[in-house]
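Residue numbers (the working numbering), protein chains in the order written: chain F, 2 to 329; chain C, 9 to 372. By construction, the Cβ of each residue, glycine as well, lies at the ideal position given by its N, Cα and C atoms. For clarity, every value in this text was computed on a predicted model and none was experimentally measured.
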Amino acid sequence: MTTRIGIPRALLFYRYFPFWEAFFQTLNFEVVVSRPSHRGLIEEGFKFADDDTCIPMKMAFAHTINIKEQIDFLFLPRLLSLDGKTCACPRLAGLPEMLKYSIPNLPTILDPYVDERHRNSTLFQSFSEMALTLGKKSKGIKQAFQEGEKAYFHSKKRMEKGEKNPELFGKAIEKDPLNNKERLGKKVAVVGHPYCLYDPYFNFDLLKILQQSQVFVYTQEMIPKEVIDLEIRGFEKDVYWDSGREILGASLHYLHTTQIDGLIYLTCFSCGVDSMIEPLVKHRIEEDGKILYLCLMIDEHTGPTGLLTRVEAFLETLERKKSGRRMT
Amino acid sequence: MKLTVPYLGRIDIFLNAMARKIGPEFVFPPRTSSRTLLLGTKYSPESACLPFKFILGNFIEALEKGADTIAMITDRGPCRVGMYDVVMQQILRDLGFQFEWVVMDDTRILGDYLLRFNRERKKRGASFFESLQAIRFSWKKVKLCESIERKAQKTRPLEVKRGETTRVLTDSLRWIDEASSFRELALVDQQCTNEFNRIEKDPSRNPPKILITGEAYMVINPHANHDIERRLGEMGVEVTRTVWFSSQITHALHLDLFNPRSKRKAIEASQPYLKHNLGGECNASIGYPILYQKDGYEGAIQLLPFGCMLEAVAKNILVRVSQEHDLPILTFALSENLSETMIDTRLSAFVDLLQKRREKKRDR
Numbered sequence: 002m003t004t005r006i007g008i009p010r011a012l013l014f015y016r017y018f019p020f021w022e023a024f025f026q027t028l029n030f031e032v033v034v035s036r037p038s039h040r041g042l043i044e045e046g047f048k049f050a051d052d053d054t055c056i057p058m059k060m061a062f063a064h065t066i067n068i069k070e071q072i073d074f075l076f077l078p079r080l081l082s083l084d085g086k087t088c089a090c091p092r093l094a095g096l097p098e099m100l101k102y103s104i105p106n107l108p109t110i111l112d113p114y115v116d117e118r119h120r121n122s123t124l125f126q127s128f129s130e131m132a133l134t135l136g137k138k139s140k141g142i143k144q145a146f147q148e149g150e151k152a153y154f155h156s157k158k159r160m161e162k163g164e165k166n167p168e169l170f171g172k173a174i175e176k177d178p179l180n181n182k183e184r185l186g187k188k189v190a191v192v193g194h195p196y197c198l199y200d201p202y203f204n205f206d207l208l209k210i211l212q213q214s215q216v217f218v219y220t221q222e223m224i225p226k227e228v229i230d231l232e233i234r235g236f237e238k239d240v241y242w243d244s245g246r247e248i249l250g251a252s253l254h255y256l257h258t259t260q261i262d263g264l265i266y267l268t269c270f271s272c273g274v275d276s277m278i279e280p281l282v283k284h285r286i287e288e289d290g291k292i293l294y295l296c297l298m299i300d301e302h303t304g305p306t307g308l309l310t311r312v313e314a315f316l317e318t319l320e321r322k323k324s325g326r327r328m329t
Numbered sequence: 009m010k011l012t013v014p015y016l017g018r019i020d021i022f023l024n025a026m027a028r029k030i031g032p033e034f035v036f037p038p039r040t041s042s043r044t045l046l047l048g049t050k051y052s053p054e055s056a057c058l059p060f061k062f063i064l065g066n067f068i069e070a071l072e073k074g075a076d077t078i079a080m081i082t083d084r085g086p087c088r089v090g091m092y093d094v095v096m097q098q099i100l101r102d103l104g105f106q107f108e109w110v111v112m113d114d115t116r117i118l119g120d121y122l123l124r125f126n127r128e129r130k131k132r133g134a135s136f137f138e139s140l141q142a143i144r145f146s147w148k149k150v151k152l153c154e155s156i157e158r159k160a161q162k163t164r165p166l167e168v169k170r171g172e173t174t175r176v177l178t179d180s181l182r183w184i185d186e187a188s189s190f191r192e193l194a195l196v197d198q199q200c201t202n203e204f205n206r207i208e209k210d211p212s213r214n215p216p217k218i219l220i221t222g223e224a225y226m227v228i229n230p231h232a233n234h235d236i237e238r239r240l241g242e243m244g245v246e247v248t249r250t251v252w253f254s255s256q257i258t259h260a261l262h263l264d265l266f267n268p269r270s271k272r273k274a275i276e277a278s279q280p281y282l283k284h285n286l287g288g289e290c291n292a293s294i295g296y297p298i299l300y301q302k303d304g305y306e307g308a309i310q311l312l313p314f315g316c317m318l319e320a321v322a323k324n325i326l327v328r329v330s331q332e333h334d335l336p337i338l339t340f341a342l343s344e345n346l347s348e349t350m351i352d353t354r355l356s357a358f359v360d361l362l363q364k365r366r367e368k369k370r371d372r
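Spelled out as structure tokens, the structure:
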């Protein structure tokens with residue numbers, strides 16, 4: 002029987018899964034991913050999770066509990082810095098320990114420590130060290146790493162084009178016949194952490210709601226990293242969180258290129274990164290005054306109806322603004 | 009230039025002493041009150057952390073009082089204190105304040121600060137030797153303040169008349185602030201020791217010892233932690249805290265290599281639980297209880313401002329530390345909506361627990 006590696010469908014999964022999957026499959030491991038979020042699964046996790054963290058974190062607890070029986074190793078990489086300048090949210094960095102000390106009977110955690118700021122913990126080095134401890138040969142590891150990178154860049158290209166990756170998002174948004182620029186009138190950018198944007202349980206399927214309301218959805222994935230870096234360089238402060246940097250850079254880019262009509266900032270309660278980035282985005286947009294802005298903060302008590310009402314009101318206002326009618 | 013800074017322990021005494029000798033002029037925010045927190049909460053982003061709200065409130069009040077320059081330390085993550093400057097500047101400018109913001113971080117080289125310091129010095133006509141003397145004098149004052157505070161922490165649980173230590177402490181700090189030369193400072197030192205000796209004590213008591221650890225701003229500032237040191241002291245507990253103004257400075261300047269209870273040593277002690285230094289006070293919060301247990305501390309209280317990212321990680325790990333080291337640890341999440349009664353109840357329950365543990369140990 003092959004060794005089974007478990008990956009919770011949470012947090013960094015929504016960006017780097019193609020890489021991890023290709024890497025482990027080339028090395029002949031079986032990859033087990035937890036089921037898409039649903040109510041029962043999430044509530045089971047809330048029992049173990051600490052009450053001072055954010056919901057995505059609690060959801061990571063839930064997904065870990067979901068797969069912990071079926072796997073030999075739990076894969077939770079610590080991506081502290083991927084380009085040597087930025088750093089990750091500290092909660093993400095401390096996640097393996099938090100899980101280890103909160104959930105009983107957890108399988109061994111594989112937590113490669115990726116920090117490009119130090120020479121001996123680069124992405125390749127950490128991953129190959131991890132694979133060596135699992136008994137793989139260094140030649141195979143190199144090949145697997147290349148496969149992983151290939152898969153990651155491929156999926157990134159697709160994301161930039163606005164396609165939704167079926168491996169990441171399940172069947173729900175597998176095909177987007179509606180996402181066709183010509184047919185759709187309104188253009189709305191949705192920014193936020195990948196794990197907020199792409200977990201349909203978390204955001205009550207916001208992206209689908211928008212698509213069904215004839216809205217073309219832009220996300221920050223559609224903007225290449227170079228553009229984001231350029232935008233941040235023009236900003237008064239060098240933002241050091243990689244996620245915050247992306248969100249701010251993408252928002253500024255959308256604002257400056259004026260290709261959108263409205264922007265939705267999706268955030269979760271008690272997110273430390275968003276608490277500092279959101280006011281900046283909001284201020285810039287309000288100063289500019291050309292596009293509409295909506296901040297959706299989701300916590301455990303948010304219901305689908307409340308969210309839907311706000312989104313509908315937002316779209317309605319957008320419509321009125323576009324057609325030039327005055328609000329009464 | 010009228011400079012203002014956020015409160016950090018006895019920073020006001022330190023900077024006042026320096027300002028009187030070589031300048032620049034400092035305008036300290038008025039004592040943090042409920043109005044400060046109200047102002048801070050009103051204008052802060054919704055999920056900003058508690059120190060942000062306190063500091064913003066302080067700045068608003070200082071600007072009202074006439075300050076025109078704000079200096080604040082920043083860093084490069086992962087704690088959000090590094091983003092405070094942009095967000096706060098934006099909020100304060102929206103409120104219509106005019107000011108200059110001086111950012112102090114490690115990306116600017118130390119030489120830059122020295123040059124600036126030199127320029128300021130020349131403007132005021134103070135010689136280089138004088139400036140060094142001024143810094144030494146201020147440093148001595150802070151050290152004296154802290155030694156007096158430590159004395160108060162030890163005396164308070166033994167005092168017979170409640171509140172006497174606090175009164176003496178307040179007096180002593182005022183005297184220290186007023187001293188203007190090395191000689192006066194030595195006299196004040198003597199006077200404070202006498203005053204402390206004069207407090208009526210009950211040496212038969214054997215107070216339990218509790219360590220206060222956690223996020224730096226919360227631990228060091230009595231206004232932020234609802235004066236938890238005094239409360240515990242008056243419940244008959246000897247307390248100490250992990251963060252002092254001088255310890256923060258020595259840590260930043262790498263001068264604490266030989267101190268057995270330094271932040272550096274605490275980070276080392278946290279290694280078995282958290283291999284990597286995440287930044288902020290996270291690792292130190294984990295390591296300090298382990299270190300201080302060796303000094304006979306029977307319990308620890310972790311202060312975390314609501315929504316703090318790093319301390320939430322530490323909180324989860326402290327659960328395990330508590331189990332493995334047989335050390336009760338109380339995590340206290342501080343937010344702007346805390347009632348005094350609630351704090352007292354939780355603290356006295358914790359103290360009761362420690363007393364019960366003692367009795368149990370004695371019976372065995």
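Below 8 Å on C-beta distance, what does residue i contact in chain F?
i                : result
Asn324 (chain C) : Asp51, Gly95, Glu98, Met99, Tyr102 and Ser103
Val168 (chain C) : Chain F residues near Val168 (chain C): none, gap ~40 Å exceeds 8 Å.
Gln98 (chain C)  : Pro280, Leu281 and His284
Cys290 (chain C) : Pro91 and Gly95
Arg88 (chain C)  : Gly273, Val274, Ser276 and Met277
Mind pulling the chain C residues with CB within less than 8 Å of residue i?
i                : result
Phe74 (chain F)  : Within chain C, no residue comes near Phe74 (chain F); the closest Cβ sits about 18 Å away, beyond 8 Å.
Lys238 (chain F) : Met91, Asp93 and Val94
Within 10 angstroms of the Cβ of residue i, are there 16 or more other Cβ atoms? Answer buried if so, exposed if not.
i                : result
Leu77 (chain F)  : buried
Gln310 (chain C) : buried
Lys323 (chain C) : buried
Met9 (chain C)   : exposed
Ala292 (chain C) : buried
Arg10 (chain F)  : buried
Lys323 (chain F) : exposed
Arg372 (chain C) : exposed
Gly48 (chain C)  : buried
Glu367 (chain C) : exposed
Can you round the beta-carbon distance between residue i and residue j to whole angstroms, since I take them to be within the 8 Å contact cut?
i                : j                : result
Leu58 (chain C)  : Leu342 (chain C) : 6 Å
Ala308 (chain C) : Ile218 (chain C) : 7 Å
Glu279 (chain F) : Ile56 (chain F)  : The Cβ separation is near 16 Å, so there is no contact.
Leu295 (chain F) : Gln98 (chain C)  : Actually they do not touch by this definition, with Cβ atoms about 20 Å apart.
Ile325 (chain C) : Ile294 (chain C) : 5 Å
Beta-carbon separation of residue i and residue j under 7 Å?
i                : j                : result
Ala70 (chain C)  : Pro37 (chain C)  : yes
Glu247 (chain F) : Gln221 (chain F) : yes
Lys187 (chain F) : Asp262 (chain F) : yes
Ser103 (chain F) : Phe49 (chain F)  : yes
Pro105 (chain F) : Asp73 (chain F)  : no
Gly136 (chain F) : Phe24 (chain F)  : no
Ile8 (chain F)   : Phe30 (chain F)  : no
Ala145 (chain F) : Thr27 (chain F)  : yes
Ala61 (chain F)  : Leu12 (chain F)  : yes
Gly85 (chain F)  : Arg118 (chain F) : yes
Ser52 (chain C)  : Gly315 (chain C) : no
Ala25 (chain C)  : Ser146 (chain C) : yes
Can you pull the chain F residues whose beta carbon is under 7 Å from the beta carbon of residue i, in chain order?
i                : result
Met317 (chain C) : Cys90, Pro91, Arg92 and Gly273
Ala320 (chain C) : Asp51, Asp53, Thr54 and Arg92
Ile85 (chain C)  : Residue 85 (chain C) is actually Gly in this sequence, not Ile. Under the 7 Å cutoff, chain F gives Cys88, Tyr241 and Trp242.
Gln327 (chain C) : It is worth fixing the name first, because residue 327 (chain C) is Val in this sequence and not Gln. Residues of chain F passing the Cβ test: Tyr102.
Against residue i, what residues of chain C qualify as contacts under a CB-to-CB distance less than 7 Å, listed in chain order?
i                : result
Phe270 (chain F) : Ser55
Taking C-beta pairs closer than 9 Å, name the residues in chain C that residue i reaches, listed in chain order.
i                : result
Ser335 (chain F) : Nothing about residue 335 (chain F) can be read from this structure; chain F reaches only from 2 to 329.
Tyr114 (chain F) : Lys283 and His284
For a contact meaning CB atoms closer than 9 Å, what does residue i contact in chain F?
i                : result
Tyr281 (chain C) : Glu98 and Tyr102
Leu240 (chain C) : What Leu240 (chain C) touches in chain F: nothing, since even the nearest Cβ is about 22 Å away.
Leu391 (chain C) : Nothing can be reported for residue 391 (chain C), as the shown portion of chain C is limited to 9 through 372.
Ala341 (chain C) : Asp52 and Asp53
Gly287 (chain C) : Cys88, Pro91 and Ala94
Would you call the stretch 194–207 of chain F in contact with the stretch 231–240 of chain F, where contact means no fewer than 3 C-beta pairs closer than 8 Å? The way I'd put it, the stretch 194–207 of chain F doesn't touch the stretch 231–240 of chain F; fewer than three beta-carbon pairs between them come closer than 8 Å.
Given 8 Å, three or more beta-carbon pairs between the stretch 130–139 of chain C and the stretch 209–220 of chain C: Judged by Cβ distances under 8 Å, the stretch 130–139 of chain C makes no contact with the stretch 209–220 of chain C, as fewer than three pairs qualify.
Between the stretch 298–307 of chain C and the stretch 273–280 of chain C, do at least 3 Cβ pairs fall closer than 8 Å? Taking 8 Å as the limit for Cβ pairs, the verdict is that the stretch 273–280 of chain C does touch the stretch 298–307 of chain C.
Touching or not, the stretch 349–369 of chain C and the stretch 123–134 of chain F, by the rule of three or more beta carbon pairs under 8 Å? The stretch 349–369 of chain C and the stretch 123–134 of chain F do not touch, with fewer than 3 CB-CB distances between them shorter than 8 Å.
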